Each structure stands twice: as structure tokens, then as C-alpha cells.
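**Q** Letter by letter, the sequence shown follows residues 345 to 573 of the numbering used here.
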Amino acid sequence: VGKRMIALGGVKKYAMYLRKSTKGKKRQVRSIKDQKKDCLKMIKGKIKIGDNDIFIDRFSAKKPGQRTNFSTMIDLIKKGKYNAIVAYHPDRLARNMKEGGEIIDLIDQCKIIDLKFPTYVFNNDSNGIMSLGIQFVIAKQYSDNLSVSSSRGNRGIATEGKMSNKNKYGYKVDTHRYPIPDGDNFNILQTSFQMALENKPLKVISEWINTQSFTYIPKVKGKAIPKHI
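(1) Can you give, in chain order, each stretch of the alpha helix (DSSP H) that sits fully within the region 392-480 and has at least 4 residues?
(2) Could you tell me the distance, in whole angstroms, from the CA atom of residue 485 to the CA atom of residue 550?
(3) When burial is assigned at 16 or more other CB atoms within 10 Å of the CB, is residue 557 buried or exposed?
(4) Do you know how far the Cα of residue 542 is from the Cα of residue 369?
(5) Counting C-beta neighbours from all protein chains within 10 Å, is the total for residue 522 16 or more, i.e. buried, or is it exposed?
(6) For residue 548, does the three-state DSSP call read helix, strand or coil?
(7) Note the first and the last residue of the continuous beta strand (DSSP E) segment covering residue 360.
(8) Report the CB separation of residue 432 from residue 462 in whole angstroms; it is logged as a contact under 8 Å.
(9) Return the residue from the list 390, 552 and 429 that minimises the CA-CA distance to residue 536.
(10) From residue 479 to residue 519, what does the alpha carbon distance come to, in whole angstroms?
(11) So what does residue 524 bridge to, in DSSP terms?
(12) In terms of residue numbering, what span does the alpha helix (DSSP H) encompassing residue 379 cover?
(13) State buried or exposed for residue 396, treating a residue as buried only when at least 16 other CB atoms are found within 10 Å of its CB.
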């Protein structure tokens, strides 16, 4: 307690952390821009944060070790450059127990002496730390439930014979999300599968496809599709 009281009386050096899980606007309630705006509004005239003090990740916090800038910020906290964080909500910092526990451990070590959120009030005492831990647990539960619900929804869509992703080679999707052959692409793929059943080498099949008028989907799940099998 005495160590914490001494630390709380010291100079607070803030970093700002902003995160959103996906690039899809419909899947993220608060964008990076909105989070930053609300955080800056909260600290206006009280705390100075430069551009180099802002750490941004555009990746899920469900699994630990996947956010480069979060890890960089934590390392700088351990080295003493920062000892406080501004973020939109605790769930921006962590949705898993490892990184949530790391935040709490740094608070216990007095390496983090303050957390500020426009949507949540943190007090650096035993009750405040317990409450913060509960917020991390709630964030993890939400993330886990979302994953389960998404998997269940995809299974349901597949059972109905519908498509969950429009980017499927050889097909296009009608207004009810049912796949229908897209003409030339479908015929080319159908022939290539027949060639595979006849034990034709993949290289031969690939070269044949590339001599046809096959239309390649530019990207599937963010990765470019090479023009070969």
C-alpha cells in the first residue's frame, strides 16, 4: 500500500491505446477515429499526449501476442517511459486473460499507476483492480460468445445450402444467398476437377486453367490469390 501511495504521487506519463478488431465498419461499434476523439475530449487541458505516444492496433485482442503496437507499449511501460494509459474502454486493452492479467500485474508492480477511460472509471485500489479484472472477464466472455454464435450461424447457413462468403470461385450469389454457377468460371473449374479425377498433374491443370478465360477473385480474406493452383 505504501509503495502504491508513493507511486501515485509521482509524475504520470501517459500513452494512448486505440484498437478495433476488424476493418469492417459494421462489425466495430467505435472506429479508431471515434475512440481517439472521445479520449482527447476527456483529457483536454489535463493531459498532454503527442502523436508518438499513441499506439494503434487493427487486430482482435481475443488471443494474446497478436498486437504488435500493444506489445510495444507494454515494453515501454516496463522500461519506465510510460506509467499510465488512456483508452476508450478496458476491452480495448484486452479480451484475453493473459494480457488482461499482465495489465493488472503491472498495476500491482506500480509500473502502471493510472488508467483513464471516457466510458469507465478506474480507481487504483484493491476494489478498482478487482473491478478492472471483472471488465476483462466480461470482455473475454463477449468475445467467446461472439465466436460461438458466428460458428453456429455459419453452420446454419451451410445446412440451408447458402453461402456465407460471396468470394467463391465458380459461383455467384443470388439475392437469397444461394450459389448459382457463374458460367465460364464454373465450366472451367468443373473441367479442372475432372482432370484431377483422371490423375492429371496439378502443374498441367494449373497451366490449362491459365490458358482459359478464368476470372480470378482479387482477394479472399485479405490475401491475394495466385494465378496457379
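Even glycine gets a Cβ: it sits at the ideal position worked out from N, Cα and C.
As the structure is a prediction and not an experimental result, all values here were calculated from the model.
**A** Well, looking at it:
(1) Taking only runs of at least 4 residues, the alpha helix (DSSP H) segments lying wholly in the region 392-480 are 412-422, 434-437 and 441-452.
(2) The C-alpha of residue 485 lies about 45 Å from the C-alpha of residue 550.
(3) With fewer than 16 other Cβ atoms within 10 Å, it is exposed.
(4) In this predicted model, residue 369 has a pLDDT of only 48, less than 50, meaning its place in the structure is not dependable enough to derive any value.
(5) Residue 522 should be labelled exposed.
(6) DSSP places residue 548 in helix when its eight states are reduced to three.
(7) Residue 360 -> beta strand (DSSP E) spans 358-363.
(8) Right, their Cβ atoms sit about 6 Å apart.
(9) Ranked by how close their Cα comes to the Cα of residue 536, the residues 390, 552 and 429 have 552 in first place.
(10) Just so you know, the alpha carbons of residue 479 and residue 519 end up roughly 41 Å apart.
(11) Residue 524 is bridged to 516.
(12) Boundaries of the alpha helix (DSSP H) harbouring residue 379: 376-387, taken from the DSSP string.
(13) Per the 10 Å Cβ criterion, exposed.
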